[in-house]
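Read through the structure below, which is laid out as C-alpha cells, and then see the notes.
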Amino acid sequence: MKLEQQDITLTKLDRNASMPYELLLLADPSKELVDSYLHQSQIFIASKKEEVLGVIVLLPLSDEIIEIKNIAVKPPFQKLGIGSFLIENAIQVATGGEYKSICIGTANSSIGQIYLYQKLGFELSEIKNNFFISNYPDPIYENGIQAKHMLVFTKIL
Ligand code: ACO
C-alpha cells in the first residue's frame, strides 16, 4: 500500500535546526562526512502529522548541477512512496528551475536504489571505481554484494 501524497508534508529545515541524524546515517554511515556537507545544503523533511518519516539533502555542485547528497526514509515506512515523493517534490522546491541537472551517487550493491533512481528518470553518467573501498574503513556488503564502486546517476531538469 502506498501513502497518499496529500498526507505527507514537505518542510525545509533551517540549518540551525536539530538534524534527523538517525535518518541521515541510514544513507551515509559516516557522521563526519554528513556534517561536512550539511551546512552548505538545502535540507527537507517529509512528515506525517508530527512524525518525521524521511529526509533529503541537496547540495549545489556548481551553477548548473545540484546533487542529492543524502536521502533516507524510516525503515517501517520504506517502499510506500516517500522516497519518490521526496525526490520529486524537493527537487522542484530546491531548484526552482535554476539548475540544468541533478545527480545522485550510490553503491554498485544498492540494487533497490539503482532501480528507484532510474525509474524516476536518472541515467547512469559516471562510475567512481573503488570509491567505497578507498573512503570507508570497513568493507560494506548489501544484498550479498560488496559495495566497491560509486555509480553516479544524473537527471536532466
Ligand atoms: N529494495 C528494493 N526496492 C526498493 C528499495 C530497496 N531497498 N527502495 C525502494 N525500492 C523500490 C520500491 O519498492 C518502489 O518500487 P515500485 O514503485 O515498483 O513499487 C520504488 O523503489 C519506489 O520506492 P519508494 O517507496 O518511493 O522509496 P522509499 O520510500 O523506500 O525510499 C530509500 C527509498 C530512500 C532508498 C529508502 O529505501 C531508504 O531510506 N533506504 C536506506 C537509506 C539509503 O540507502 N539511502 C540512499 C543512499 S544513497 C544517497 O543517500 C545519496
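Counting in this note's numbering, the sequence shown runs from 11 upward without gaps. Note that CB positions come from ideal geometry on N, CA and C, so glycine has one too. Note that the coordinates shown come from a computational prediction; the quantities given were computed from them, not determined experimentally.
Using only alpha-carbon positions, find the residue among the options that is nearest to residue i.
i    : options                : result
S119 : T105, V62, F142        : F142
I18  : F54, L33, S46, Y31     : F54
A104 : K158, Q52, P86         : Q52
E98  : A157, A56, E74, S144   : A56
E42  : L130, N145, K129, E108 : N145
Y109 : K158, R25, K12, K165   : K165
S28  : L13, L48, D38          : L48
For residue i versus residue j, is the C-beta distance shorter than 8 angstroms?
i    : j    : result
F132 : I114 : yes
I112 : I76  : yes
I66  : A100 : yes
L69  : K84  : no
What three-state label does DSSP hand residue i in the structure shown?
i    : result
G107 : coil
L48  : helix
L36  : helix
Q88  : coil
F95  : helix
I157 : For the record, residue 157 in the displayed sequence is Ala; it is not Ile. Correct three-state label for A157: coil.
N26  : coil
I101 : helix
L126 : helix
K58  : strand
On the criterion of 16 or more Cβ atoms from any shown chain inside 10 Å, does residue i qualify as buried, or is it exposed?
i    : result
P147 : exposed
Q50  : exposed
T21  : exposed
G107 : exposed
Y31  : exposed
L2   : As displayed, the chain neither begins before 11 nor continues past 167, which places residue 2 out of reach and without an answer.
Between residue i and chain C, is the shortest Cβ-Cβ distance under 8 angstroms, so that the two count as touching?
i    : result
K158 : No chain C appears in the structure shown, which is made up of a single protein chain.
Closer than 7 angstroms between the C-beta and any heavy atom of the ligand ACO: which residues qualify, listed along the chain? L36, A37, D38, G64, I78, K79, N80, I81, A82, V83, F87, Q88, K89, L90, G91, I92, G93, S94, F95, I114, G115, T116, S120, I121, G122, Q123, Y125, L126, K129
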